[in-house]
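Numbers in the numbering used here are just positions in the sequence shown, counted from 1, shifted up by 172.
The C-beta atom is built at its ideal place from N, Cα and C for all residues, glycine as well.
Structure first, then comments.
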Amino acid sequence: MLVDFQKKYGLFPDGIIGKKTATKIKEVFGLTDIQTAYFLGQGSVETSDFKLKRENGRYSETQLKKYFSYYKNRPEEAQQDAYNEVVIFNKVYADKNRSKNLALGNTQIGDGYKFRGNSAGQTTGRYNHQVVANKVKDQSIMDNPDNLWKNYYLESFDIYLKDKKVYPLMTDISRKTSDLITSKVNGPAKVHAEKRYERTQHYYKLLTK
């Protein structure tokens, strides 16, 4: 969690992103001000200001049809599955129900729920969890994904952005660039795009004032 990062680097563990914490994140991950602003802007929206550990899947029927193409095409299942996060994640995140370019490596029964959104960047899918596990040399993540948020809350998001080559796309603070980054982090739905841009602007001002 964020407080663990703060404790590790001798910062006041209040779980809040102030200038000292933002600057330390920039330093630890070797980022520019712009990259750090996007890291924090996207992460804060993904996790309700870095408080969320795992993805909450208690979606209503309306939300399911709004956010997931699987349920847009199967409205009767949206009514049936509403608020049942185990069933929801095992359907929407299963590779067999996704296009090849959006595959997450979820090929085994139960992978969708097991590898649902996790940590600061809401790392999702067997493949993305494995990338982090390999990078930090901790395969326990694959048996118990909760070890990701417990031990690599911020680090996992940095690893994801590097693996997907998202950092080089962070060239300026603009709505166009923000929407591009949102599509890489959140997918084609680009949920809360306006809020992500606003949060990115906030953190950039915090870092550079």
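For residue i, three-class secondary structure by DSSP
i      : result
Arg230 : coil
Phe184 : coil
Thr195 : helix
Ser271 : coil
Gln280 : coil
Asn262 : helix
Option nearest residue i by Cα separation, candidates the options
i      : options                        : result
Asn300 : Leu276, Gln311, Leu378         : Leu276
Leu320 : Lys225, Lys179, Asp205         : Lys225
Gly187 : Leu326, Glu227, Asn269, Lys272 : Leu326
Gly229 : Thr354, Lys263, Thr349, Ser271 : Lys263
Leu274 : Asp310, Gly359, Glu233, Ala254 : Gly359
Ile189 : Thr204, Tyr242, Gly215         : Gly215
Val304 : Ser328, Thr349, Lys244, Pro340 : Ser328
Phe211 : Gly293, Asn306, Asp310         : Gly293
Glu144 : Gln280, Ala365, Ala266         : This structure leaves residue 144 out entirely; the chain is present only between 173 and 381.
Beta carbon proximity, residue i to chain C, threshold 8 angstroms
i      : result
Val303 : Absent from the structure is chain C; it holds one protein chain and no more.
According to DSSP, residues forming a beta bridge with residue i
i      : result
Asn290 : Arg226
Self-check item: Stretch-stretch touch, CB-based, cutoff 8 angstroms, three pairs: the segment 180-199 with the segment 276-296
Solution: no
Quiz item: Does the segment 324-337 touch the segment 252-266, meaning 3 or more C-beta pairs lie closer than 8 angstroms?
Solution: no
Quiz item: Between the segment 269-284 and the segment 292-312, are three or more C-beta pairs nearer than 8 angstroms?
Solution: yes
Quiz item: Are the segment 201-214 and the segment 339-346 touching, with three or more C-beta to C-beta distances below 8 angstroms?
Solution: yes
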